Amino acid sequence: MTSPRWSAVAAAAATALAVLTAGASDLIGAAPLAAALAACAIAARRWPVAALLTGAACVVAVRTAGLVEIGWLWPAAFLFYTAAGTRRGLIWATGTGAFVLLFAANWHATVAPAPLTVLGLEALGLLAVVSLAQAARNRALWRDEQEKRLERLAEERRLANRNRAVEERLHIARELHDVIGHTLTAVGVQLRVAAEVLADSPEEAAEALAAARRVRAEAFGDLRALVTALRTGEDAATDPRVDAGVLDRLTAPAREAGLAVTVTVEGDTGLLPSAVGLAVHRVVAESLTNAVRHSGASRVAVRLDCAPARAVVEVADDGGIAAPPAFGNGLSGLRERVTALGGRLTVTAEAGLHLRAEIPVPRSAA
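Residue numbers (my numbering): 96 to 461.
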């Protein structure tokens, strides 16, 4: 692309050549005018209005002195074009052109008669030059606006990607907490049972160790699914189906830890989409983990109500917690998961911990 400096030099050379060609019969007057307009064309890059006024004054002075017979406006066409490229310069270019035309009309009417059609053509030429300058200015403004818009879109895209990455990290953190926390609690309980009964009841200790190995294998499968999801971008959910059998298997480690767990399922569990089913899994698992590790409960009741428009899962224990616990990583993860599905999670502590999650079921899934 040609630099602005070389463009000005080229315009200066073209202006000088045009003036010398038009005034070839009067080089004594044409040569100084050509030099003056060429200098103004170079200066117009930095001082467009001053260059225009100087160039127009030179043309008027040479014409009124009778040194050369050329146009009143066209020799300074580049100066008019450069000045009209800005909002302030447009006013100066229009005003200067109108003043020169009125002066020329008066000159021809009183001093040197000439047909007015010549001035009409110069007026049309001035209009064309100013219009071209404004078109170039508008194009430059449009290009700048497009570049700014593209920059804004790129920034919005970067922010969206950053937010998406944060959401994915939170999702991974929730999955890891749910899988590892539930597993370690269940395995820890079974190992404690095995240690307590190893001397007196080797068979019971072996059963506890077998249960710990089974829970460990299930957790390993969940972690493998999570790693696969990180590589492929697919959902890392375990089996999203929810029914009485699934809940019984999910609560088995708590039963083996000595809790009396009852499971009640109402409604058609087949209505639940996979996302809701996974949320129910996590709510039950986290509640049982808290019951085993923190509440000192002996009984836990799990209830799932599957209505066409919503799913309600409740887990209540008879532990000794006297007030609702602060939302740690586990309960905070559950709240985020349920809220993301448009649901609501409430935790109360009245004669035990009571956790209730209400999750809407989309119409298409109902």
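Every residue gets a Cβ at the ideal spot worked out from N, C-alpha and C, and that includes glycine. Please read these numbers as outputs of a predicted model, since none were measured by experiment.
Roughly how many whole angstroms lie between the Cα atoms of residue i and residue j?
i      : j      : result
Ala228 : Ala134 : 20 Å
Leu115 : Trp237 : 38 Å
Ala200 : Leu211 : 7 Å
Asp334 : Ala235 : Confidence is the limiting factor: at Asp334 the pLDDT is only 49, short of 50, which leaves the residue's position unreliable and the question unanswerable from this model.
Ala179 : Arg257 : 45 Å
Ala204 : Ala160 : 16 Å
Arg252 : Leu245 : 10 Å
Val163 : Ile137 : 23 Å
Glu291 : Leu440 : 37 Å
Glu445 : Ala396 : 14 Å
Thr181 : Leu168 : 19 Å
Glu409 : Arg394 : 14 Å
Thr110 : Lys243 : 36 Å
Ala370 : Glu298 : 40 Å
Leu383 : Leu254 : 38 Å
Pro202 : Val155 : The sequence as given places Trp at residue 202; Pro does not occur at that position. About 10 Å.
Ala139 : Ile186 : 16 Å
Val157 : Pro208 : 17 Å
Leu122 : Cys153 : 15 Å
His449 : Gly340 : 23 Å
Val112 : Pro143 : Sequence check: residue 112 is Leu here, not Val. C-alpha separation (whole angstroms): 21 Å.
Val206 : Pro127 : 23 Å
Ser102 : Ala108 : 10 Å
Ala171 : Glu217 : 11 Å
Val442 : Ala347 : 23 Å
Val433 : Ala301 : 38 Å
Arg232 : Arg247 : 22 Å
Gly220 : Ser226 : 10 Å
Arg141 : Ala230 : 20 Å
Asp295 : Gly447 : 33 Å
Ala193 : Ala145 : 17 Å
Pro457 : Gln241 : 41 Å
Arg377 : Asn385 : 12 Å
Gly391 : Ala249 : 53 Å
Arg183 : Ala130 : 27 Å
Can you name the start and end residues of the alpha helix (DSSP H) that residue i belongs to?
i      : result
Leu196 : Arg182 to Thr205
Leu450 : First-last for Leu450: Leu448 to Pro455, but that is the beta strand (DSSP E), not the alpha helix (DSSP H).
Gly372 : Ser369 to Asn385
Leu440 : Here Leu440 belongs to no alpha helix (DSSP H); instead the beta strand (DSSP E) covers Arg439 to Ala444.
Leu174 : Ala172 to Ala178
DSSP on residue i, reduced to helix/strand/coil?
i      : result
Gly340 : helix
Ala209 : coil
Leu122 : helix
Gly161 : coil
Gly428 : helix
Asp295 : coil
Asp413 : coil
Arg253 : helix
Arg141 : coil
Ala352 : coil
Ala404 : coil
Gly391 : coil
Pro220 : It should be pointed out that residue 220 corresponds to Gly in this sequence rather than to Pro. Helix at Gly220.
Trp167 : coil
Leu436 : coil
Ala111 : helix
Does residue i get closer than 9 Å to chain B when you measure Cβ to Cβ?
i      : result
Leu211 : The displayed structure is made up of one protein chain only, and chain B is not part of it.
The beta strand (DSSP E) with residue i in it runs from where to where?
i      : result
Thr500 : Residue 500 lies beyond the stretch modelled for the chain, which goes from 96 to 461, so this question has no answer here.
Arg394 : Arg394 to Cys401
Do residue j and residue i come within 9 Å of each other at the CB atom, strictly closer than that value?
i      : j      : result
Gly362 : Asp400 : yes
Leu214 : Leu196 : yes
Thr364 : Val337 : yes
Val387 : Ala349 : yes
Arg398 : Gly438 : no
Thr177 : Leu147 : yes
Leu345 : Val360 : no
Ala151 : Thr191 : yes
Val379 : Arg451 : no
Ile454 : Leu436 : yes
Pro403 : Leu354 : no
Ala117 : Gly166 : yes
What do you reckon, is the C-beta of residue i under 8 Å from a heavy atom of the ligand SAH?
i      : result
Asn256 : Ligands are entirely absent from the displayed structure, and the ligand SAH is therefore not among its contents.
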